[in-house]
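One structure is given below, encoded as structure tokens.
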Amino acid sequence: MKAYNQTPIINALMRLSNCFFLLFFLLIGCQDEQNLTFAPLSIQGEQCADCPKIAINLPKAIEETRIARSVNTALREEVIALLHFDEALEVSDIGTAIESFKSGFSELQEKYEDESTPWEARIDAEITYEDAALLTISLDAYIFTGGAHGYTSKRFLNFDKIKGEELENWRLFKDSLAFRDLAERHFRMKENIPSDKPINYTGFMFEQDSFYLPENIGFTEKGMKLLYNQYEVSSFADGTIELILPYEEVQKFLKPKIGS
15 MKAYNQTPII
25 NALMRLSNCF
35 FLLFFLLIGC
45 QDEQNLTFAP
55 LSIQGEQCAD
65 CPKIAINLPK
75 AIEETRIARS
85 VNTALREEVI
95 ALLHFDEALE
105 VSDIGTAIES
115 FKSGFSELQE
125 KYEDESTPWE
135 ARIDAEITYE
145 DAALLTISLD
155 AYIFTGGAHG
165 YTSKRFLNFD
175 KIKGEELENW
185 RLFKDSLAFR
195 DLAERHFRMK
205 ENIPSDKPIN
215 YTGFMFEQDS
225 FYLPENIGFT
235 EKGMKLLYNQ
245 YEVSSFADGT
255 IELILPYEEV
265 QKFLKPKIGS
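Residue numbers (our numbering): 15 to 274.
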């Protein structure tokens, strides 16, 4: 019987095996690259008895990409908007915004010498959702500038990672009216508002007694979150009003495909 040389077959199988493992590791690498890389950015204000108390903690995207620049710019602008109190001071970065906040407190002390309670600003941001195409960052802020109490707010920032840009709420939906109707049904169930009664029946303060979506809509691992800040549809004492909608119910109304 003629003997066959199996070496070429073995070599071919080894090459095929090597190609398989190379493809496997490339796929794993691509999955890892879908997520941005962030480093913590912590900024503290000057520590003294009469200084405003300032603490800022943000995730900073470290890649040199369009989406990384978009994320960092959006976070910087949000912090500036929260701290900018001196209209005479041109503000283009966080350091100058802090100086503006301090200047606002100093001016108040000059006008009212008995005003001794330092102002306070706490700003914290964290990633609440990320997939290959979508990124959501929530930014929590507490600002105290005198009076009986400070003001707490939350802001959602949504980003299209493919296009490298921030998404406004209207760009999230294929059918915003149908989504609003779904959200209202869930809102009524959560807050025990009968379907045949006005939306303000239990004490809410929706304008014109008609349900509308909040300014802040974001994505989380548990579902799509709708968040009404203090005074938006209720009193200060009620705090923030949150509603989480499951993705299996909202996906058909959304432009982004969740989990892509």
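We treat Cβ as the ideally placed atom computed from N, Cα and C, and that holds for glycine. Every value quoted in this text rests on a predicted model; they were computed, and no experiment measured them.
query = Which first and last residues belong to the beta strand (DSSP E) in which Arg165 is found?
reply = Reading off the sequence shown, one finds Tyr at residue 165, where the question assumed Arg. It spans Tyr165 to Asp174 - the beta strand (DSSP E) in which Tyr165 sits, taken as one unbroken run.
ask   = So Pro270 and Ala147 are in contact, right, with Cβ under 8 Å, and what is the actual spacing, rounded?
value = 6 Å
key: In DSSP terms, what Phe187 is bridged to   = Leu268
query = Thinking C-alpha only, which one of Val247, Cys62 and Phe250 is nearest Ser130?
reply = Cys62
request  = Express the C-alpha separation of Glu121 and Tyr261 in angstroms, rounding to a whole number.
outcome  = 49 Å
ask   = Should Asn71 and Ser167 be called a contact, given that it needs their Cβ atoms to be closer than 8 Å?
value = no
request  = Identify every residue that forms a DSSP beta bridge with Pro54.
outcome  = Pro73
inquiry  = On the DSSP bridge list, what partners appear for Ile258?
reply    = Lys239
task = Count the other CB atoms, across all protein chains shown, that sit within 10 Å of the CB of Arg80; report buried if there are 16 or more and exposed otherwise.
result = exposed
query = Who are the near neighbours of Val105 in its chain, counting only those whose CB is closer than 6 Å to its CB and skipping five residues on each side?
reply = Ile94, His98, Ala111 and Ser114
Cα-Cα separation between Ala69 and Pro208, rounded to whole angstroms = 43 Å
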